[in-house]
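Going line by line, the protein sequences match chains G and E. Position one of the first sequence corresponds to residue 41 (this note's numbering), numbered consecutively onward. Position one of the second sequence corresponds to residue 142 (this note's numbering), numbered consecutively onward. Beta carbons are placed, not taken as given, at the ideal position from N, Cα and C, and that holds for glycine. The model shown is predicted, which means the values in this text are computed figures rather than measured ones. Input: a single structure, listed below in structure tokens.
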Amino acid sequence: MSGALDNAVVLHDVTLAYDGHPAVHHLSGEFARGSLTAIVGPNGSGKSTLMKGMVGLLRPANGVVKAAGLGGSKIAYLPQHAEIETRFPISVIQIVLLGHWRRIGWGRPVSRALREGAQRALAAVSLEGFEQWPVETLSAGQLQRVLFARLIVQDAELILLDEPLAGVDECTSEHLLGLIVSWHREGRTVAAVLHDLDQVRAYFPETLLLARERVAWGPTREVLMPQNLRRARRMSEAWSGEAEHRRPVSAARPATPTPHPNPLPAPALTLPRSPGREGWGQSEEREGPA
Amino acid sequence: MTLYDLAFGPFAEFGFMRRALVGCLALALGSGPIGTFLVIRRMSLMGDALSHAVLPGAALGFMIGGLSLPAMSLGGVAAGLAVAFLSGLVTRLTPLREDASFAAFYLISLALGVLLVSTHGNNVDLLHLLFGSILAIDNAALVLIGAIATLSLLSLAVIYRPLVVECFDPGFLRAMDGRGGLVHTLFLALVVLNLVAGFQALGTLMAVGLMMLPAAAARFWVRQLWSLSAVSSALGFGSGFLGLLLSYHLDLPSGPSIVLVAGLAYFASVLFGPRDSLRALYSGAGSRRREAA
């Protein structure tokens with residue numbers, strides 16, 4: 041890492057909009073170089089939109105996103121429910137090799153060294169021997185591990201993960217969290233959208249709590265205080281006319297804001313996401329209705 | 142009349158049959174891989190839409206130059222590209238999904254094309270444009286079809302890797318390489334070119350048949366991208382050969398004959414192909430293979 045600048049990404053008064061509806065309002069702050077940040081918030085709070093804004097897939101309606109000292113090549117991005125055509129006839133090793141895109145592009149050949157790099161990455165996600173498996177035979181957890189292997193091969197300085205643990209089993213979750221932490225140790229800057237606050241507390245030193253605008257951003261322990269969570273929830277009620285669903289059809293497209301506040305009482309909104317794990321709903325429930 | 146006479150006599154005897162056969166070979170070589178990508182990308186209906194979109198352009202060319210190949214081909218290419226471009230534009234600028242905007246534009250084009258031909262030509266011309274005629278394949282047409290097949294295969298070789306990524310994980314290509322949109326556009330242009338190549342023999346309504354049916358059938362035989370393309374091309378050429386014979390012996394229009402033979406190959410593949418066909422799924426072989434996977 042160059043170390044010339046302290047911040048990997050600087051957001052200055054950033055507003056991001058989807059189809060004309062602002063999803064992130066006037067967000068300012070910075071992701072320090074080498075930091076490991078969780079991005080949490082109620083559904084529709086603009087987490088995925090912020091990710092897209094940081095990758096450059098969405099141009100800010102206002103403000104500036106500065107990925108300081110990072111060319112586009114240094115950013116690796118894993119979108120939510122990656123729009124992957126799982127019936128496509130492609131093998132595991134071919135997917136991982138795509139991580140070398142900057143080096144191979146449209147037509148350059150794949151050298152032995154690059155292939156070995158891909159094989160090492162597969163070993164790192166415990167998928168040795170799966171090289172020739174077609175993608176359609178993989179489980180959701182295996183596919184996510186293959187995509188993590190591709191991230192390893194990309195060797196990026198800034199890694200952005202949008203709900204990387206959605207839909208994978210407990211064991212794979214632990215494995216992937218271990219990889220994320222190891223990237224942090226290697227000095228990379230990592231930001232991940234997550235839902236499980238227990239996981240955030242256990243693995244992520246920094247947290248950004250987002251509810252379309254910045255609710256709190258800093259050390260995880262301070263950010264995930266009950267009053268902050270309650271505030272985020274209240275703000276989400278202002279834009280969400282209907283009961284929150286733990287699994288939105290598309291969190292990338294936030295619910296359309298409605299002019300009237302949520303008529304439902306707060307406890308009706310608190311469906312536990314996964315039993316035995318503290319998610320958004322349960323932490324609220326424990327703290328009583330807002 | 143011997144079997145040899147039935148199968149090869151017409152080709153030995155008539156130059157136009159030979160030209161039609163060579164035309165089918167060139168068509169199959171280009172359409173096989175293109176159709177395979179269309180099927181894999183779930184863009185079958187888009188191929189259909191584009192094939193209809195070629196009609197008003199070909200009709201305009203017909204009005205200006207009569208039954209002239211360059212005029213009709215140029216018009217067809219222009220109209221097909223225009224519809225591809227406009228549909229893409231509508232998709233990008235509005236929330237309307239790509240398939241819907243393609244459908245809208247192709248319906249407009251088809252209506253416009255039929256109107257143009259019926260007011261400025263006669264019914265024979267209309268039938269010729271819609272369903273093709275093997276007699277139309279002269280040397281110039283053959284050169285055109287061959288050139289388009291060559292260009293298609295060369296272009297596919299250049300955009301193969303990004304095209305594969307665009308099919309498999311479009312978001313990744315968007316994030317890694319700003320030229321994802323260019324790949325999509327080039328691919329659509331290749332589809333249009335191959336449809337224009339096909340409409341001389343098959344007509345605008347049927348041109349897409351030699352692209353989609355063999356590609357859909359190939360899926361029941363093999364799994365790899367290269368083998369899917371190869372099987373599609375082989376099935377396409379086989380359908381062309383048998384279709385031309387049917388057309389010759391029974392005095393049928395060539396387009397529907399060829400496409401119907403391809404349709405029979407498709408049904409046979411659905412029923413008896415070695416992979417995921419009804420026979421494979423219900424005879425036990427398929428389920429064993431699934432467990433192994």
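Any beta carbon of chain B sitting closer than 8 Å to that of residue i?
i	result
L191 (chain G)	You won't find chain B in this structure, because its protein chains are G and E.
Of all the CB atoms in chain G, is at least one closer than 8 Å to the CB of residue i?
i	result
D310 (chain E)	yes
I175 (chain E)	no
S428 (chain E)	Annotation note: pLDDT 48 at S428 (chain E) (below 50); position unreliable, coordinate value reported separately. No - not a single Cβ of chain G is within 8 Å of the one on S428 (chain E).
R416 (chain E)	no
D240 (chain E)	no
I399 (chain E)	no
I181 (chain E)	yes
A421 (chain E)	no
D146 (chain E)	no
Indicate whether at least one CB of chain E lies closer than 8 Å to the CB of residue i.
i	result
G207 (chain G)	no
L249 (chain G)	no
L90 (chain G)	no
A48 (chain G)	no
V95 (chain G)	yes
R293 (chain G)	Because the pLDDT of R293 (chain G) is 42, which lies under 50, any placement of that residue in the model is unreliable, and the question is left without a value.
T296 (chain G)	Legend: pLDDT at T296 (chain G) = 44, less than 50; position of this residue unreliable, value from coordinates given subsequently. No - not a single Cβ of chain E is within 8 Å of the one on T296 (chain G).
Check for me: the beta strand (DSSP E) holding residue i runs from which residue to which?
i	result
D240 (chain E)	Taken as a continuous stretch (DSSP letters only), D240 (chain E) belongs to no beta strand (DSSP E), being part of the alpha helix (DSSP H) at E239 to H261.
Which residue marks the beginning of the alpha helix (DSSP H) containing residue i, and which one marks its end?
i	result
P397 (chain E)	S395 to F413
N280 (chain E)	N280 to F309
G139 (chain G)	Where G139 (chain G) is concerned, there is no enclosing alpha helix (DSSP H), given that its DSSP letter is neither H nor E.
D189 (chain E)	S185 to G206
G103 (chain G)	Note, G103 (chain G): premise wrong, no alpha helix (DSSP H); beta strand (DSSP E) at N102 to K106.
P151 (chain E)	L144 to E154
Between the C-alpha atoms of residue i and residue j, what's the straight-line distance to the nearest angstrom?
i	j	result
I133 (chain G)	Q365 (chain E)	15 Å
T143 (chain E)	D279 (chain E)	29 Å
Q172 (chain G)	A158 (chain G)	13 Å
M91 (chain G)	D202 (chain G)	7 Å
W141 (chain G)	L393 (chain E)	51 Å
L208 (chain E)	M353 (chain E)	27 Å
T229 (chain G)	G258 (chain G)	15 Å
I135 (chain G)	L314 (chain E)	12 Å
S370 (chain E)	L170 (chain E)	9 Å
L98 (chain G)	V64 (chain G)	12 Å
I124 (chain G)	I115 (chain G)	20 Å
D238 (chain G)	A78 (chain G)	11 Å
P119 (chain G)	G377 (chain E)	39 Å
M187 (chain E)	A163 (chain G)	41 Å
E156 (chain G)	L191 (chain G)	15 Å
H224 (chain G)	H215 (chain G)	15 Å
R252 (chain G)	G84 (chain G)	8 Å
P397 (chain E)	M347 (chain E)	7 Å
T17 (chain G)	R241 (chain G)	A query on residue 17 (chain G) cannot be resolved here, the shown segment of chain G reaching from 41 to 330 and no further.
V163 (chain E)	L283 (chain E)	8 Å
G379 (chain E)	R416 (chain E)	20 Å
V165 (chain G)	P197 (chain E)	55 Å
T298 (chain G)	P266 (chain G)	Note that T298 (chain G) has pLDDT 41, beneath the 50 cutoff, so the model's placement of it is unreliable and the number below is only indicative. T298 (chain G) and P266 (chain G): Cα-Cα distance of roughly 26 Å.
Per DSSP, what are the beta-bridge partners of residue i in this structure?
i	result
S131 (chain G)	G:P174
V230 (chain G)	G:L76 and G:I199
G258 (chain G)	G:T247
G69 (chain G)	G:L51
K331 (chain G)	Here chain G covers residues 41 to 330 and nothing more, so residue 331 (chain G) does not appear.
L237 (chain G)	DSSP, once it has assigned bridges, lists no residue as partnering L237 (chain G).
H61 (chain G)	G:Y58
E125 (chain G)	In DSSP, E125 (chain G) forms no bridge with anything.
E1 (chain G)	Given that chain G is displayed from residue 41 to residue 330, the structure contains no residue 1 (chain G) and the question cannot be resolved.
Exercise. May I ask you to list, following chain order, the residues of the region 115–134 of chain G that have a beta carbon less than 7 Å from some beta carbon of chain E?
Key: Y117, P119, A122, E123, I124, E125, F128, P129 and I130
Self-check item: Under 9 Å (Cβ pairs) to chain G, residues found in the region 187–204 of chain E
Solution: none
Quiz item: Using Cβ-Cβ distances below 8 Å, what residues of the region 135–157 of chain G are close to chain E?
Solution: I135, L138, W141, R142, I144, G145, W146 and G147
Quiz item: According to a CB-to-CB cut-off of less than 7 Å, which residues of the region 310–324 of chain E neighbour chain G?
Solution: Contact annotation: in the region 310–324 of chain E, residues whose CB is within less than 7 Å of a CB in chain G are D310, P311, G312, F313, R315, A316, M317 and D318.
Quiz item: the region 280–312 of chain E: which residues have C-beta closer than 8 Å to a C-beta of chain G, in chain order?
Solution: V299, I300, R302, P303, V305, V306, C308, F309, D310, P311 and G312
Quiz prompt | Contact residues within the region 352–376 of chain E, judged by C-beta distance below 8 Å to chain G | solution = R364, Q365, L366 and L369
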